[in-house]
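A.B. asks: Just add 295 to the spot in the sequence shown (first one is 1) and you have the working numbering. Note that beta-carbon positions come from the ideal geometry of N, C-alpha and C, so glycine has one too. None of these values were measured; they are calculated from a predicted model.
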Amino acid sequence: MAEYLLKGWKMLSKACKSCNSPLFEYKGEIRCVVCDETMKPAAVPEEEDVRPIPSQPDRTYEEAPEAHIAERQLALEIEQTLVYLCERIRTEPHAGDCLVLVKALREGVEALSSVTGRSGGRYPR
Numbered sequence: 296m297a298e299y300l301l302k303g304w305k306m307l308s309k310a311c312k313s314c315n316s317p318l319f320e321y322k323g324e325i326r327c328v329v330c331d332e333t334m335k336p337a338a339v340p341e342e343e344d345v346r347p348i349p350s351q352p353d354r355t356y357e358e359a360p361e362a363h364i365a366e367r368q369l370a371l372e373i374e375q376t377l378v379y380l381c382e383r384i385r386t387e388p389h390a391g392d393c394l395v396l397v398k399a400l401r402e403g404v405e406a407l408s409s410v411t412g413r414s415g416g417r418y419p420r
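(1) CB residue 387 to CB residue 393, shorter than 8 Å?
(2) Beta strand (DSSP E) containing residue 302: first to last residue?
(3) Go through its chain and collect everything with a Cβ distance to residue 268's Cβ below 7 Å, but skip five positions before and after it.
(4) Under the three-state reduction of DSSP, which class applies to residue 373: helix, strand or coil?
(5) If residue 384 sits next to residue 410, beta carbons under 8 Å apart, how far is it from one beta carbon to the other, in whole angstroms?
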């Protein structure tokens, strides 16, 4: 199949009736590359006309108050976790473990900024 694509054939969304493989088209010729069967253009059903759905006026949706409360609670939990991680980093004697904690802190800051919508600043990795 790849050979036909490289030669300029176009893969169609229609399938061969014999082997159910995708049909290919090139210069008006429609062919199943698996069966090596040439289809007549009339034998291949045309795709149905697709009519766009009429657009409706833009609607604005308000978030439920519970969503804002949940976001604030989540932000508070993340902030508390960040404080805890900072305390652990200060007292961690092993450099490798400290690095793991710093990476967790960085991920937590990114999570907090995505929840609150504020930029927490991105530090190079």
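C.D. replies: Concretely, from the data shown:
(1) Closer than 8 Å, so yes.
(2) For residue 302, there is no enclosing beta strand (DSSP E), since its DSSP letter is neither H nor E.
(3) Since the first residue of the chain shown is 296 and the last is 420, residue 268 is not available in this structure.
(4) The three-state reading of DSSP puts residue 373 in helix, counting H, G and I together.
(5) That belief does not hold up - the Cβ atoms of residue 384 and residue 410 are roughly 22 Å apart, past 8 Å.
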